[in-house]
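In my numbering, the protein residues as written are -9 to 382.
For each residue, glycine too, the CB sits at the ideal point set by N, CA and C.
Okay, so here's the structure we're looking at.
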Amino acid sequence: MRLASGQLLGYCTNVHPYDDVAGMLAALERHAVPLRRELGLSQALGVGLWLPASVARELAADPTPLRRRLEQLGLYAFTVNAFPYGAFHAERVKGEVFRPTWAEPERLHYTLAAAEALAGLLPEGEQGSLSTHSGSYKPWGPGANDEDAIVAGLLAAADGLAALEARSGRRINLAIEPEPLSFLETTDEVVDLFTRRLMPASDAARRHLGLCYDACHQAVEWEDMAASVSALRAAGVPLAKVQLSSAVVLNNPGQDRELLRPFAEDRWFHQVVYRDASGALVRLPDLPEALADEAAARADEWRVHLHVPLFADPLDDEGRLATTRPWLERLLAEVGSTEVTPHLEIETYSFGAIPAARRRALGAETLDACLAAEFRWVIERLARPAAGASPR
């Protein structure tokens, strides 16, 4: 939907499992169409399409039938998630979400196929954004995190997007997404790479490379949202897309860490970041390791990479499991204009990892209820949808 600010707001469909266009459409018809109706929208509802490689290739060949069907459903695509290459809802994903890396040609080919698909789906006159991981996964070591190879891949993507714009007239920006323990994690790392290697490289890089700012990820990194956004803007790093998301905060790990055990599931990484006695940040790759780590248990607070409903804080009746909702609210105060970012995307892909009892307690037992509540929560904090506005 278009907000009064002129920004486009949607939700990311990586919350739905599918591996082909038919499955994606079925998910949209089951969830996005009723969501638009529930929100009472007179305008079309925007969606951020997760395109696994199989779907990206299928759509790149001919996106026209999907665009027409989306129009019939009162939907449109303005952004794409091209981070997970394969089955994001497989029984076990974990580190595989970072494969292929940006040092591997498969990542470039996949990304450009997804961009080709988005170019055929974009409403007339709109620019698109396409999110991707930042390069690799740090625990894999220096060989898998070679800066020169990763930068070469990203610059090749910028060249490909420039060629796509010249051919189609559609501008699509690559939105590079930092994440705890990935090649880029912090605002400082992002500013360094963009100002030292990416932006000086070419006109294509300056026009087509930007950031996907994930609120959950940067809160888990203990970053101050206002200072972070200010630093990025001062450095000239474009925020191609902001993902609206919230993480888990555990305030007394020594006493209450067992409250997190139900969240220690096999599918996705749930990185944990805490401050040690010296104030230094300690990063653990996943929740099971943190639960078994006695040094981590002595910390005052854990931040846990687990996307929970935006409106939830706390997660439990006693207030022992909090969230980073206050950080998200600070971020919303910084990004509510097109001068900062054109695209806002709600992303709560790990809804299914939240135990059913907790979902019921939050009043969001079903995904549909959660999505509607999240949209209303965001709209209340930004602005009402522009009356009758259409992205087309």
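Identify every residue that forms a DSSP beta bridge with Tyr100. Tyr100 is not bridged to any residue.
Backbone CA spacing between Thr69 and Arg187 [nearest angstrom]: For Thr69 and Arg187, the distance between alpha carbons rounds to 25 Å.
Determine, using beta-carbon pairs with one atom in the segment 295 to 302 and one in the segment 189 to 199, whether at least three such pairs fall under 8 Å. Flag = no, the segment 295 to 302 and the segment 189 to 199 do not touch.
If you follow the alpha helix (DSSP H) that Val227 is in, where does it begin and where does it stop? Premise fails: Val227 is in no alpha helix (DSSP H) and is neither H nor E.
Should the segment 122 to 130 be called in touch with the segment 161 to 176, which here means at least 3 C-beta pairs below 8 Å? Taking a contact to require three or more Cβ pairs closer than 8 Å, the segment 122 to 130 and the segment 161 to 176 qualify as touching.
At what residues does the alpha helix (DSSP H) containing Thr69 begin and finish? No alpha helix (DSSP H) holds Thr69; the beta strand (DSSP E) holding it covers 65 to 71.
Whole-angstrom distance between Leu277 and Leu201, CA atom to CA atom: Answer to the nearest angstrom: the Cα atoms are 27 Å apart.
Excluding sequence positions up to five away, which residues of its chain have a Cβ less than 8 Å from the Cβ of Ala285? If we look at Ala285 and ignore the five residues flanking it on each side, its Cβ neighbours are Asp266, Val272.
Count the other CB atoms within 10 Å of the CB of Gln62; is the residue buried (16 or more) or exposed (fewer)? So Gln62 counts as exposed.
Straight-line gap, Asn4 to Asp138 (C-alpha atoms, nearest Å): Note on geometry: alpha-carbon atoms of Asn4 and Asp138 lie some 30 Å from one another.
Measuring CB to CB, does Pro170 end up less than 8 Å from Gln261? Yes, the pair counts as a contact, with Cβ atoms nearer than the cut-off.
Would you mind working out which of Gly342, Arg366, Ala165, Asp306 sits nearest Glu81, comparing C-alpha positions? The shortest Cα separation from Glu81 among Gly342, Arg366, Ala165, Asp306 belongs to Gly342.
List the endpoints of the continuous beta strand (DSSP E) containing Glu335. 333 to 336 is the extent of the beta strand (DSSP E) around Glu335.
Using CA coordinates, which residue listed in Gly226, Ser218, Glu167, His198 is at the minimum distance from Thr185? For the residues Gly226, Ser218, Glu167, His198, the minimum Cα distance to Thr185 belongs to Gly226.
Touching or not, the segment 327 to 341 and the segment 228 to 242, by the rule of three or more beta carbon pairs under 8 Å? Counting Cβ pairs under 8 Å, three or more are found: they touch.
What is the rounded straight-line gap between the Cα of Trp92 and the Cα of Val83? Computed Cα separation, rounded: 18 Å.
When DSSP builds the beta bridges, which residues end up paired with Tyr203? DSSP output for Tyr203 lists Val232 as bridge partner(s).
Element boundaries [beta strand (DSSP E), containing Gly13]: Not the beta strand (DSSP E): Gly13 falls in the alpha helix (DSSP H), residues 11 to 17.
Own chain partners of Val141 with C-beta closer than 6 Å, once the 5 adjacent residues on each side are dropped: Excluding positions up to five away in sequence, the list reads Arg187.
Taking just the CA atoms, how far does Ala270 sit from Ala221? Their Cα atoms are separated by approximately 21 Å.
Could you tell me the boundaries of the beta strand (DSSP E) in which Leu296 lies? Segment 292 to 298, the beta strand (DSSP E) holding Leu296.
Are the C-beta atoms of Phe88 and some chain B residue less than 8 Å apart? No chain B is part of this structure, which consists of one protein chain only.
Alpha helix (DSSP H) segment containing Val5, residue limits: Counting along the chain, Val5 falls outside any alpha helix (DSSP H), and DSSP gives it neither H nor E.
For a quick check, are the C-beta atoms of Pro243 and Phe259 less than 8 Å apart? Taking C-beta atoms as the reference points, Pro243 and Phe259 fail to come closer than 8 Å.
Straight-line gap, Cys206 to Arg57 (C-alpha atoms, nearest Å): Each residue's alpha carbon lies about 31 Å from the other.
Measuring alpha carbon to alpha carbon, tell me which of Glu116, Arg20, Pro316, Pro168 ends up nearest Leu(-2). Of Glu116, Arg20, Pro316, Pro168, the residue nearest in Cα terms is Glu116.
Got a sec, what are the start and stop residues for the beta strand (DSSP E) Leu120 sits in? Start and end: 118 to 123.
Measure the Cβ-Cβ separation of Tyr75 and Pro42 and say whether it is below 8 Å. For Tyr75 and Pro42, yes; Cβs fall inside 8 Å.
Taking just the CA atoms, how far does Glu167 sit from Gly133? Answer to the nearest angstrom: the Cα atoms are 21 Å apart.
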